[in-house]
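Here UniProt numbering is used: the first residue of the sequence shown is 1, the next is one more, and so on.
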Amino acid sequence: MTSSPEDNFAYKFRVEHADEMGSTTSDGLLRGHAYQVVCAREVASTDVPSWQELFRNRPQLRMLCLRNPWHHQASAWTGMLGHW
């Protein structure tokens with residue numbers, strides 16, 4: 001994918017100070033970088049057996065599929081592949 005579909009929107013991780021630019025969040029995302037939101041899902045953690053113990057205090061999970069517009073490598077979780 002080399003361009004953004006019109007029905008998707010972007011999300012940018014803001015920085016408070018210049019020295020934060022390009023630093024990584026605990027989730028591995030870059031601050032000051034924009035990501036395209038491809039889809040959003042609310043999933044019951046009980047629907048996935050391996051998640052029941054991990055998310056036992058959170059029966060509903062809100063998940064985002066993000067696309068890094070600067071990254072061109074396909075992976076198992078790439079936008080429109082079967083995992084979503």
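All C-beta atoms in this analysis are idealised placements derived from N, C-alpha and C, irrespective of residue type, glycine included. None of these values were measured; they are calculated from a predicted model.
**Study point:** Contact check, L61 vs V43, beta carbons under 7 angstroms
**Key:** yes
Review point. Within the chosen definition, does the stretch 46-60 reach the stretch 15-27 through at least 3 CB pairs nearer than 8 angstroms?
Key: no
**Study point:** Other residues of its chain near Q52: CB distance less than 8 angstroms, five sequence neighbours each side excluded
**Key:** S45, T46
Review point. What's the C-alpha gap between R41 and G32?
Key: 24 angstroms
Practice item. Identify which residue in E16, C39, V48, E20 has its Cα closest to the Cα of L64. Key: C39
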